[in-house]
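Reading the sequence shown from the start, the letters are residues 0 to 383 in numbering that gives the first Met the number 0.
Each remark here refers to the structure printed beneath this line.
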Amino acid sequence: MHDLTHRMRAAVDAPPPSGIDLDSLIAAEQRRSRRLRWAGSATGTAALVAAVLTLPLLVSGGGRAPVATATGCPTPAPAAVSTATGAVGPLPGGCAQTVTRLAAAVRGSLAALAPQAQITAHDPTAFVYNRRFAQYEALFDLALPDVRGFVAVEAGRAPQVAPTRNDQCDGATPISTACGYQRTADGAVLLSVADWGFNRAHAYLPDGTMVSAYSYVDAVHSGSPPLTVRQLLELVQADGLGVFPDGPVAPSPAPDRAREQLSAQLATFLRARLPDARIDVPQMQGSPTVGFRTRVDLGAYGRLAVSFTPACAYGACPSPPVCLGNRNGTCGLGGFSQQGAGGTAETVRLLRLDDAVVEISTDGPVHAELAGRGVIDLAEALHY
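Next up, the structure:
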């Protein structure tokens with residue numbers, strides 16, 4: 000559950016501005032949706048069919064649940080590098096060596112920042128390599144005398160050039176209680192935000208790495224996060240966190256139209272389904288090759304994570320599952336879900352007839368709002 004909580008709490012991590020007018024895209028998507036309703040057509044949305052797909056356990060007796068796409072290192076480890084434009088292999092420098100180096104850097108930094116804390120990694124190697132998102136990830140329990148919580152660290156290729164501002168600081172009424180932007184003497188760009196008991200910091204390093212660190216507590220442990228924003232900023236600048244030691248690399252290519260279209264479709268759906276919710280425009284990350292994903296904070300409604308994997312994104316296309324029923328003349332029923340403790344968190348994975356996979360994780364009141372038909376409607380709303 001801790002790993003799911005980390006993923007959902009990371010929803011408030013708003014990426015730097017893309018320079019694309021998402022409001023116009025959202026308006027266009029709303030017009031398109033109205034045209035489809037008027038025409039009574041299902042064009043552009045594939046029917047969903049029930050599929051029992053293997054999901055990682057979201058709740059375990061302790062420690063981190065296994066994640067299908069995150070391993071210590073792929074075996075055998077490919078020598079070639081593939082990045083956010085199409086990658087499943089480890090990043091440069093050798094996966095095993097990088098995992099060891101990152102673990103040593105973060106453990107050393109945490110020990111210096113919180114010397115009284117009992118620090119426990121959720122994985123034996125501390126860091127694991129997430130093949131799908133092409134990044135290294137680690138999750139730690141921190142137990143201090145007066146607080147217990149979590150620190151998560153991610154390191155991978157920067158998704159875009161370093162931003163020129165922290166857009167969470169914009170506006171007369173910032174959504175966050177604190178935010179910051181800094182460009183260091185060595186060329187790194189630092190962003191930080193603290194809100195709702197969830198602290199985070201990001202560093203765009205000169206070698207092309209983006210390091211993100213999050214500190215938070217879960218529903219069981221109340222209080223302030225174990226690390227402050229200032230401490231997280233020190234953590235993301237720790238020596239040894241760059242994943243491109245052989246030289247700088249360019250950021251991932253600029254967002255393509257599909258990414259922005261999916262962002263607009265998701266925003267349109269959420270604003271229609273939750274009209275009274277505070278919804279920041281979600282920013283899809285990824286590419287058609289490796290799939291798209293985003294995490295959205297919905298204020299009082301909780302948090303939502305969505306991933307959209309286009310057909311054949313990982314090579315061989317799976318066969319569509321057996322049709323279990325008809326809805327409006329088409330094959331389309333439900334999907335497979337795994338619920339978390341208390342019935343307020345759930346992950347649903349749906350396989351569409353076009354072989355695209357949509358995975359939706361809900362945490363909080365939004366779970367009840369999207370239960371049943373709601374997740375199917377959301378999965379149908381995403382297309383390009």
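Here a beta-carbon is modelled for each residue, glycine too, at the ideal position from N, C-alpha and C.
Residue closest to L138, alpha-carbon to alpha-carbon, out of T183, A304, L189 and V105 = Here residue 138 refers to the residue found at position 139 when the sequence shown is read from its first residue. Here the closest residue by C-alpha is V105.
Euclidean distance between Cα positions of V150 and L226 | Position 151 of the sequence shown, counted from the first residue, corresponds to residue 150. Position 227 of the sequence shown, counted from the first residue, corresponds to residue 226. If you take the alpha carbons of V150 and L226, they lie about 8 Å apart.
Cβ pair I272, D376 closer than 9 Å | The count along the sequence shown starts at 1 and reaches residue 272 at position 273. The count along the sequence shown starts at 1 and reaches residue 376 at position 377. Strictly speaking, residue 272 in this sequence is Arg, with Ile absent from that position. One thing to note: R272 has its Cβ within 9 Å of the Cβ of D376.
In chain order, what residues of the same chain have a beta carbon less than 6 Å from the beta carbon of Y135, not counting five sequence neighbours either side?
-> Here residue 135 refers to the residue found at position 136 when the sequence shown is read from its first residue. In its chain, beyond the 5 residues on either side, L101, F126, Y128 and A154 have a beta carbon closer than 6 Å to the beta carbon of Y135.
CB-CB under 7 Å to A161, same chain, minus the five flanking residues each way: which ones, in chain order?
-> Here residue 161 refers to the residue found at position 162 when the sequence shown is read from its first residue. Once the five neighbours on either side are set aside, the close Cβ partners of A161 are V188 and Y203.
Three or more C-beta pairs closer than 8 Å, one from the segment 233-251 and one from the segment 113-126: is that the case here?
-> With the rule of 3 Cβ pairs closer than 8 Å, the segment 233-251 does not count as touching the segment 113-126.
For T183, does the count of other Cβ atoms within 10 angstroms reach 16, so buried, or fall short, so exposed?
-> Here residue 183 refers to the residue found at position 184 of the sequence shown. Answer is exposed; the Cβ neighbour count stays below 16.
Taking DSSP as the reference, what is the three-state secondary structure of L381?
-> By 1-based counting over the sequence shown, the position of residue 381 is 382. In the structure shown, L381 falls within a coil segment according to DSSP collapsed to helix, strand and coil.
Start-to-end residues for the alpha helix (DSSP H) that takes in T393 | Outside the shown range of the chain (0 to 383) lies residue 393, about which nothing can therefore be said.
Are L141 and A113 close, meaning C-beta to C-beta below 9 Å?
-> As a first step, residue 141 is located in the sequence shown; it is residue number 142 there, counting from the start. As a first step, residue 113 is located in the sequence shown; it is residue number 114 there, counting from the start. Yes. Within cutoff.
Return the chain-ordered ranges of every alpha helix (DSSP H) run that is complete within the segment 92-169 and spans a minimum of 4 residues.
-> Correct list: 94-112.
When you compare each of G148, A193 and L350 to N165 by their alpha carbons, which one comes out closest?
-> Residue numbering aside, residue 165 sits at position 166 when the sequence shown is read from its first letter. Ranking G148, A193 and L350 by CA distance to the CA of N165 puts A193 first.
Which residue's Cα is closest to the Cα of Q159: S306, L369 and Q282?
-> On the sequence shown, position 160 is the one that residue 159 refers to. Ranking S306, L369 and Q282 by CA distance to the CA of Q159 puts Q282 first.
Please name the residue in P274, A304, A110 and V242 whose C-alpha comes closest to that of L231.
-> Locating residue 231 in the sequence shown gives position 232, where the first residue counts as 1. Of P274, A304, A110 and V242, the residue nearest in Cα terms is A110.
Look up A177 in the DSSP assignment and give the residues it is bridged to.
-> Counted from its first residue, the sequence shown places residue 177 at position 178. DSSP lists A193 as the beta-bridge partner residues of A177.
D185 versus V235 - alpha carbon distance | By 1-based counting over the sequence shown, the position of residue 185 is 186. By 1-based counting over the sequence shown, the position of residue 235 is 236. Our two residues, D185 and V235, have alpha carbons roughly 14 Å apart in a direct line.
Should G285 and R292 be called a contact, given that it needs their Cβ atoms to be closer than 9 Å?
-> By 1-based counting over the sequence shown, the position of residue 285 is 286. By 1-based counting over the sequence shown, the position of residue 292 is 293. Remark: C-beta atoms of G285 and R292 approach each other more closely than 9 Å.
Assign D275 to buried or exposed, taking buried as 16 or more other Cβ atoms, counted over all protein chains shown, within 10 Å of its Cβ.
-> As a first step, residue 275 is located in the sequence shown; it is residue number 276 there, counting from the start. Around the C-beta of D275, fewer than 16 other C-beta atoms lie within 10 Å, and the residue is accordingly described as exposed.
Assign C316 to buried or exposed, taking buried as 16 or more other Cβ atoms, counted over all protein chains shown, within 10 Å of its Cβ.
-> Numbered from its first residue, the sequence shown carries residue 316 at position 317. Note that C316 scores 42 on pLDDT, short of 50, meaning its location in the model is unreliable; the coordinates nonetheless yield the value given after this. Its Cβ having fewer than 16 others within 10 Å, C316 is exposed.
For V216, does the three-state DSSP call read helix, strand or coil?
-> The sequence position of residue 216 within the sequence shown is 217, counting from 1. If DSSP states are grouped into helix, strand and coil, V216 belongs with coil.
Please report the Cβ distance between V152 and A95, rounded to the nearest whole angstrom; I am assuming they are in contact, meaning their Cβ atoms lie under 8 Å.
-> Taking the first residue of the sequence shown as position 1, residue 152 is located at position 153. Taking the first residue of the sequence shown as position 1, residue 95 is located at position 96. At roughly 18 Å, the Cβ-Cβ gap does not stay under 8 Å, so V152 and A95 are not in contact.
Closest to G371 by CA distance: which of R348, A355, L381 and H382 is it?
-> For the purposes of this step, residue 371 is identified with residue 372 of the sequence shown, where counting begins at 1. Closest in C-alpha terms to G371, from the list R348, A355, L381 and H382, comes R348.
In three-state DSSP terms, what is R256?
-> Residue 256 sits at position 257 when you count from the first residue of the sequence shown. DSSP places R256 in helix when its eight states are reduced to three.
Bridge partner(s) assigned by DSSP for H201 | Along the sequence shown, read from residue 1 onward, the residue named residue 201 stands at position 202. Per DSSP, L190 and S211.
Please classify Q282: does DSSP put it in a helix, a strand, or coil?
-> Reading the sequence shown from its first residue, position 283 is the one you call residue 282. Coil at Q282, not helix or strand.
Return the residue from the list T267, R258, G107 and I278 that minimises the CA-CA distance to G290.
-> Locating residue 290 in the sequence shown gives position 291, where the first residue counts as 1. Among T267, R258, G107 and I278, the Cα nearest to that of G290 is on R258.
What three-state label does DSSP hand L234 in the structure shown?
-> Here residue 234 is taken as the residue at index 235 of the sequence shown, counted from 1. Here L234 sits in helix by DSSP.
Determine which residues share a DSSP beta bridge with R302 and list them.
-> The residue you call residue 302 lines up with position 303 of the sequence shown. In DSSP, R302 forms a bridge with D296 and D362.
Taking only the alpha-carbon atoms, compute the straight-line gap between M209 and T308 and give it to the nearest angstrom.
-> As a working mapping, residue 209 is identified with position 210 in the sequence shown. As a working mapping, residue 308 is identified with position 309 in the sequence shown. So the two alpha carbons sit approximately 23 Å from each other.
Does DSSP put R272 in a helix, a strand or coil?
-> Sequence index remark: in the sequence shown, residue 272 carries index 273 (1-based). Helix at R272.
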